[in-house]
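FYI, the numbering for the sequence shown is 1 to 298, going by this note's numbering. The next block holds one structure in the form of structure tokens; read it before the comments.
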Amino acid sequence: MYPAFPIHYIEPVFRPPSEARSLILPVTNGCSWNACTFCEMYTAPQKKFQVRPQADIEADLMRTAQSGLPVRRVFLADGDAMALSVRRLSAVLEAVHRYLPQVERISAYCLPRNVAHKSVADLRALAEAGLRMVYVGCESGDDEVLRLVNKGETHASSAASLLKLGEAGITRSVMLLNGLGGTRLSRRHALESARLMNASQPEYLSTLVVSFPLGSARFQAAYPDFELPDTVGLLQEMALLMEHLQLENTVFRSDHASNYLVLKGRLGRDKAALLAQIRAAIRAPAAAGLRPEWMRGL
Ligand code: SF4
Numbered sequence: 001m002y003p004a005f006p007i008h009y010i011e012p013v014f015r016p017p018s019e020a021r022s023l024i025l026p027v028t029n030g031c032s033w034n035a036c037t038f039c040e041m042y043t044a045p046q047k048k049f050q051v052r053p054q055a056d057i058e059a060d061l062m063r064t065a066q067s068g069l070p071v072r073r074v075f076l077a078d079g080d081a082m083a084l085s086v087r088r089l090s091a092v093l094e095a096v097h098r099y100l101p102q103v104e105r106i107s108a109y110c111l112p113r114n115v116a117h118k119s120v121a122d123l124r125a126l127a128e129a130g131l132r133m134v135y136v137g138c139e140s141g142d143d144e145v146l147r148l149v150n151k152g153e154t155h156a157s158s159a160a161s162l163l164k165l166g167e168a169g170i171t172r173s174v175m176l177l178n179g180l181g182g183t184r185l186s187r188r189h190a191l192e193s194a195r196l197m198n199a200s201q202p203e204y205l206s207t208l209v210v211s212f213p214l215g216s217a218r219f220q221a222a223y224p225d226f227e228l229p230d231t232v233g234l235l236q237e238m239a240l241l242m243e244h245l246q247l248e249n250t251v252f253r254s255d256h257a258s259n260y261l262v263l264k265g266r267l268g269r270d271k272a273a274l275l276a277q278i279r280a281a282i283r284a285p286a287a288a289g290l291r292p293e294w295m296r297g298l
């Protein structure tokens, strides 16, 4: 019989696909903002935002150490661990290394506002304490799109935070949402998102397709004339984004289950090849091996 898993989670728990092999360590429950109209991740009553006491986090770490699990990477959950103060985050990072000295990488989701009041020196101290990577859901670089989806961020606030994180030496993995501007704002969504990425030069960039597994009523109440582009419209938006991306050394992925077309490459090196792949799919969607609707894991 297997021993009980050392951490008791309040479900549902989310993590980026690339953290599949990491220990998911909850330091908060839910997301402190929890107001983006496209996001249902933490809307269940049990996911109300709360910071966990340090003693509970350490108890989880102690049980993990005793279990002998081979932990090399730790992902600080839930949606908003970086909402903690530098003092609290430093204590968590220190505890991870104290209980699990073999850990090589600690990462977390990060809202741009989480670092607005943290200095580059603060962030550098967190990096030195083991925080290697953050996942920043920018979703769009366009102020009107961000306003309509109630992201609570702007192009400027997103750019400032990404630059600050970069300067501190924390690897940035940015997510953009294909289709988020609807048909009406598709063009400016793509262009402004490209401008945001060009200014911030993240180390990783991924795109997901906006989707509403629990229905779109909440989203459409805030953006009533929203119309999701069809598959070709989504690909045209991707082509426009790609055309305008001027990235020097960014790993690019659109391999999340929500995407119709799987793209992987390094930008700028693979820009022409990725663009050719998108344009071919626009010209002949049936021949492009698009992910069928039933395989999109939403
Ligand atoms: S900030 Fe992130 S986790 Fe929080 S509501 Fe928005 S998308 Fe969801």
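All C-beta atoms in this analysis are idealised placements derived from N, C-alpha and C, irrespective of residue type, glycine included.
Using 10 angstroms around the beta-carbon of residue i, count the other beta-carbons present and answer buried if the total reaches 16, otherwise exposed.
i       : result
Lys-48  : exposed
Thr-43  : exposed
Gly-202 : The question names Gly, but residue 202 in the sequence shown is Pro. Classification of Pro-202: buried, given that the 10 Å Cβ count is 16 or more.
Met-1   : The pLDDT assigned to Met-1 is 44, lower than 50, so where the model puts this residue is not dependable, and the model offers no usable value.
Tyr-9   : exposed
Val-71  : buried
Glu-11  : exposed
Gln-277 : buried
Ala-286 : exposed
Val-210 : buried
Pro-45  : exposed
Ala-55  : exposed
Arg-253 : buried
Phe-226 : buried
Val-232 : exposed
Gly-215 : exposed
Ala-156 : exposed
Phe-5   : exposed
Lys-264 : exposed
Glu-167 : exposed
Gly-289 : exposed
Ser-206 : buried
Arg-266 : exposed
Arg-98  : exposed
Arg-173 : The question names Arg, yet the displayed sequence has Ser at residue 173. Buried, by the Cβ-count rule.
Glu-293 : exposed
Does the distance between the C-beta of residue i and the nearest non-hydrogen atom of the ligand SF4 fall short of 6 Å?
i       : result
Asn-150 : no
Met-175 : no
Gly-68  : no
Cys-138 : no
Gly-79  : yes
Leu-111 : yes
Met-41  : yes
Asn-325 : Nothing about residue 325 can be read from this structure; the chain reaches only from 1 to 298.
Can a CB atom of chain D be found closer than 7 Å to the CB of residue i?
i      : result
Pro-26 : The chain labelled as chain D is not found in the depicted structure, where only one protein chain is given.
May I have a chain-ordered list of the beta strand (DSSP E) segments no shorter than 3 residues that lie completely inside the region 127 to 207? 131 to 139 and 171 to 178
Do the region 75 to 94 and the region 7 to 16 meet, that is, are 3 or more Cβ pairs less than 8 Å apart? yes
What are the complete beta strand (DSSP E) segments, minimum 3 residues, inside the region 46 to 129? 73 to 77 and 105 to 109
Inspect the CB distances between the region 155 to 169 and the region 198 to 214 and report whether three or more fall short of 8 Å. yes
Spell out a yes or no on whether the region 145 to 155 and the region 111 to 122 are touching, meaning 3 or more CB-CB pairs, one atom from each, closer than 8 Å. yes
Length at least 3, wholly inside the region 227 to 271: the beta strand (DSSP E) runs in chain order: Counting whole runs of 3 or more residues, the region 227 to 271 contains the beta strand (DSSP E) stretches 250 to 254 and 263 to 267.
Measuring CB atoms only, is the region 175 to 189 touching the region 212 to 222, in the sense that at least three cross pairs come out at less than 8 Å? Touching, no.
The region 140 to 148 / the region 83 to 97 touching (three or more Cβ pairs under 8 Å): no
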